[in-house]
Amino acid sequence: MKRINVGIIGCGSITKFRHAPEYKANPYVDEIVFYDRNPERAKALAEEFGGRTVTSVEELYNDPTIVAISDCSSNESHHINSTNALLNGKHVLCEKPLSVSIKYAEKILEAQQKSGKNLMVDHNQRFTKAHQKAKELLEKNELGEILTFKTSFGHQGPESWGVDKSNATWFFKKERSHSGVAGDLGIHKIDLIHYLLDDEIEDVHAFHGALDKVDENGNPIEVCDNVVCAMKTKKGRLGTASFSWTYYGSEDNSTTIYCQKGIIKIYHHPDDQLIVEMKDGEVIKYQLEQIQTNDNQTSTGVIDSFIESIINDQEPIVTGKEALTSLKVIEKILS
Ligand SMILES: NC(=O)c1ccc[n+]([C@@H]2O[C@H](COP(=O)([O-])OP(=O)(O)OC[C@H]3O[C@@H](n4cnc5c(N)ncnc54)[C@H](O)[C@@H]3O)[C@@H](O)[C@H]2O)c1
Numbered sequence: 068m069k070r071i072n073v074g075i076i077g078c079g080s081i082t083k084f085r086h087a088p089e090y091k092a093n094p095y096v097d098e099i100v101f102y103d104r105n106p107e108r109a110k111a112l113a114e115e116f117g118g119r120t121v122t123s124v125e126e127l128y129n130d131p132t133i134v135a136i137s138d139c140s141s142n143e144s145h146h147i148n149s150t151n152a153l154l155n156g157k158h159v160l161c162e163k164p165l166s167v168s169i170k171y172a173e174k175i176l177e178a179q180q181k182s183g184k185n186l187m188v189d190h191n192q193r194f195t196k197a198h199q200k201a202k203e204l205l206e207k208n209e210l211g212e213i214l215t216f217k218t219s220f221g222h223q224g225p226e227s228w229g230v231d232k233s234n235a236t237w238f239f240k241k242e243r244s245h246s247g248v249a250g251d252l253g254i255h256k257i258d259l260i261h262y263l264l265d266d267e268i269e270d271v272h273a274f275h276g277a278l279d280k281v282d283e284n285g286n287p288i289e290v291c292d293n294v295v296c297a298m299k300t301k302k303g304r305l306g307t308a309s310f311s312w313t314y315y316g317s318e319d320n321s322t323t324i325y326c327q328k329g330i331i332k333i334y335h336h337p338d339d340q341l342i343v344e345m346k347d348g349e350v351i352k353y354q355l356e357q358i359q360t361n362d363n364q365t366s367t368g369v370i371d372s373f374i375e376s377i378i379n380d381q382e383p384i385v386t387g388k389e390a391l392t393s394l395k396v397i398e399k400i401l402s
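Residue numbers (our numbering): 68 to 402.
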């Protein structure tokens with residue numbers, strides 16, 4: 068069996084909870100090579116998951132045994148790291164949001180075209196069992212045409228998630244995060260709606276604001292901590308969405324799809340992750356699995372899918388082009 072080495076740029080929370088354990092568990096992955104500009108973080112993860120560290124990003128690029136790289140750096144670095152990794156002949160799994168601007172995102176896509184290597188973006192919502200089941204039901208057209216939708220993604224905020232564990236987090240800085248909760252949580256649901264509806268959001272009316280979060284000096288943060296929006300798709304479906312870093316109770320990760328013959332409710336109920344309510348009164352409940360939350364980290368399936376795309380020389384399931392389309396919606400929300 069062909070086994071490959073992978074590199075990871077950025078050894079913070081997403082690497083610790085998802086990329087490193089999922090690469091470790093993947094049978095095609097031989098060695099994980101960790102790089103962070105804070106070397107202690109790379110060392111800690113190499114000790115926890117096995118593998119080695121390098122002290123410069125060039126060492127990852129110049130290592131011919133490294134076939135693929137996860138770009139888990141903060142948002143403002145993706146267009147530098149992912150572009151360079153692709154141009155150095157590596158397949159890339161880039162964290163979301165793809166970049167901090169459309170111009171920079173296009174630069175990554177150009178590098179992908181030039182290199183011919185795979186570029187996948189970590190829009191992991193598509194992979195959860197309830198979302199997969201919803202996609203299956205919608206593809207079979209069991210509920211008739213999709214009319215409207217409602218989606219929400221909110222939790223207590225990234226200052227307790229990121230490796231810094233402080234209000235000085237880059238997630239709160241305009242130059243580093245760019246898009247606040249919109250690019251952090253919102254982009255996941257935009258990608259999910261595009262995927263489930265096989266459609267594209269083309270018109271948006273949105274409000275956003277920094278309502279409650281404060282930075283390390285007690286000032287309101289520079290990016291939005293809440294977004295509410297109304298949207299219209301190319302196929303004429305209408306929907307609403309809320310994205311929040313200030314849901315100070317349990318996380319909300321729910322979506323509802325309203326169709327001609329009934330409703331699909333996803334992640335509204337902890338035990339029945341997908342519930343179908345038919346117009347005639349029939350209710351079908353599916354027990355699938357609980358969605359990953361910040362406190363419940365299960366395998367996302369993204370790493371396996373990325374590795375599979377490399378091994379089988381196939382286009383990844385989430386392409387750079389799709390991620391760029393979702394980023395454009397985020398830009399509309401913030402404009
Ligand atoms: N897919 C998801 O569900 C999901 C969830 C959380 C975060 N993310 C994304 O993952 C990325 C990282 O987020 P995180 O939560 O791990 O943040 P984090 O703050 O916990 O960790 C980021 C790490 O990257 C390092 N880093 C930043 N820029 C670097 C660079 N240019 N070179 C080397 N190291 C660099 C930092 O030193 C830090 O250790 C972000 O883009 C974020 O949006 C995705």
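C-beta atoms are modelled at their ideal positions from N, C-alpha and C, and glycine is treated no differently.
Proximal residues to residue i (C-beta, below 6 Å), its chain only, five neighbours per side dropped
i, result
"residue 140", "76, 77, 148"
"residue 98", "72, 118"
"residue 250", "164, 397"
"residue 399", "271"
"residue 299", "270, 305"
Residue i: CB within 6 Å of a non-hydrogen atom of ligand 1
i, result
"residue 104", "yes"
"residue 136", "no"
"residue 230", "yes"
"residue 269", "no"
"residue 140", "yes"
"residue 174", "no"
"residue 240", "no"
"residue 292", "no"
"residue 234", "no"
"residue 405", "Absent from the model: residue 405. The displayed extent of the chain is 68 to 402, so no value can be given."
Simplified DSSP state of residue i, which is helix, strand or coil
i, result
"residue 150", "helix"
"residue 394", "helix"
"residue 197", "helix"
"residue 344", "strand"
"residue 277", "coil"
"residue 270", "strand"
"residue 336", "coil"
"residue 352", "strand"
"residue 165", "coil"
"residue 143", "helix"
"residue 97", "strand"
"residue 188", "strand"
"residue 106", "helix"
"residue 122", "coil"
"residue 287", "strand"
"residue 257", "helix"
"residue 175", "helix"
"residue 82", "helix"
Sheet register partners of residue i (DSSP bridge)
i, result
"residue 215", "305, 325"
"residue 72", "133"
"residue 295", "274, 309"
"residue 128", "In DSSP, residue 128 forms no bridge with anything."
"residue 319", "221"
"residue 158", "135"
"residue 367", "For residue 367, which the question treats as bridged, DSSP gives no partner whatsoever."
Below-7 Å beta-carbon distance, residue i vs any chain D residue
i, result
"residue 332", "No chain D is present in this structure, which holds just one protein chain."
Cutoff 8 Å; reference residue i; Cβ partners in own chain excluding five residues on either side
i, result
"residue 197", "333, 334, 340, 341, 353, 355, 356, 358"
"residue 313", "221, 223, 224, 278, 279, 280, 292, 293"
"residue 56", "With the chain covering only 68 through 402, there is no way to say anything about residue 56."
Own chain residues within Cβ distance below 7 Å of residue i, not counting five before or after
i, result
"residue 179", "153, 186, 387"
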